[in-house]
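Contents: one structure, followed by commentary.
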């Protein structure tokens, strides 16, 4: 029976579609909250929710390609649930400052008028060496050339140079 295909197992879910949506929703938000509590943003890194969506989709969609435990429909419903919540969170973040602050942290100043702000650097787990590396990548040789440097919500570090004309 090498060429026999069980079409019923491929397209007919074994579980209720509503149950899959509820399970996907609960797990999505549990993981988002846990990651927000535990994971700090990294300089130059992608967002936590971006990583979460990729990992969840890979985890959910994988078994849908095999006969392990999901039909194609079950995998598609779970992937659609994750993508729907991801889009909803993006939309809510755009529309609501409260959601924006929770899902996209405010920028944090690391250098002010050529001086390192050690407390902020500790809070963001950014070392002086790491900051200097980012400065060199931007063509800045010395801290004294920087008016402001901020860790942005996406983990990137932005620099504003001092005016050289005085």
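In our numbering, the protein residues as written are 140 to 305. Glycine included, C-beta positions come from ideal geometry on N, C-alpha and C. These figures come from a predicted structure and were not determined experimentally.
(message) Helix, strand or coil, according to DSSP, for residue 283 in the structure here?
(response) The sequence position of residue 283 within the chain shown is 144, counting from 1. It is helical.
(message) Could you compute how far the alpha carbon of residue 198 sits from the alpha carbon of residue 156?
(response) For the purposes of this step, residue 198 is taken as residue 59 along the chain shown, with counting starting at 1. For the purposes of this step, residue 156 is taken as residue 17 along the chain shown, with counting starting at 1. Distance between the alpha carbons of residue 198 and residue 156 is about 18 Å.
(message) One question on the structure: do residue 296 and residue 290 come within less than 8 Å of each other, judged by their Cβ atoms?
(response) Residue numbering aside, residue 296 sits at position 157 when the chain shown is read from its first letter. Residue numbering aside, residue 290 sits at position 151 when the chain shown is read from its first letter. Yes. Within cutoff.
(message) Looking at residue 262: is its Cβ nearer than 8 Å to the Cβ of residue 247?
(response) Reading the chain shown from its first residue, position 123 is the one you call residue 262. Reading the chain shown from its first residue, position 108 is the one you call residue 247. Yes.
(request) Using beta-carbon positions only, say whether residue 163 and residue 220 come within less than 8 Å of one another. (result) Mapped onto the chain shown, residue 163 falls at position 24. Mapped onto the chain shown, residue 220 falls at position 81. Yes; because the gap between Cβ atoms is below 8 Å, this pair is in contact.
(request) May I ask you to list the residues that DSSP assigns as paired with residue 290? (result) If you number the chain shown from 1, residue 290 lands on position 151. Residue 290 pairs with 247, 296.
(request) Would you tell me roughly how many angstroms separate the C-alpha atoms of residue 224 and residue 170, rounded to the nearest one? (result) Taking the first residue of the chain shown as 1, we reach residue 224 at position 85. Taking the first residue of the chain shown as 1, we reach residue 170 at position 31. Each residue's alpha carbon lies about 12 Å from the other.
(message) Pull the bridge partners of residue 254 from the DSSP assignment, please.
(response) For the purposes of this step, residue 254 is taken as the residue at position 115 of the chain shown. Residue 254 pairs with 251.
(request) Put residue 266 into one of helix, strand or coil per three-state DSSP. (result) As a working note, residue 266 is residue 127 in the chain shown. The answer is coil: DSSP assigns residue 266 none of H, G, I, E or B.
(message) Just to check my reading of the structure: residue 282 and residue 255 have Cβ atoms closer than 8 Å, yes? What is that Cβ distance to the nearest angstrom?
(response) Along the chain shown, one-based indexing puts residue 282 at 143. Along the chain shown, one-based indexing puts residue 255 at 116. That belief holds up - the Cβ atoms of residue 282 and residue 255 are roughly 7 Å apart, short of 8 Å.
(request) Following the continuous alpha helix (DSSP H) through residue 149, name the residue where it begins and the one where it ends. (result) Here residue 149 corresponds to residue number 10 of the chain shown, with the count starting at 1. Unbroken alpha helix (DSSP H) run through residue 149: 146 to 150.
(request) Using the Cα positions of residue 234 and residue 166, report the straight-line distance between them to the nearest angstrom. (result) Your numbering for residue 234 matches position 95 in the chain shown. Your numbering for residue 166 matches position 27 in the chain shown. Those two C-alpha atoms are separated by around 24 Å.
(request) Locate the alpha helix (DSSP H) running through residue 239, then write down its first and last residues. (result) Taking the first residue of the chain shown as position 1, residue 239 is located at position 100. For residue 239, the enclosing alpha helix (DSSP H) covers residues 236 to 242.
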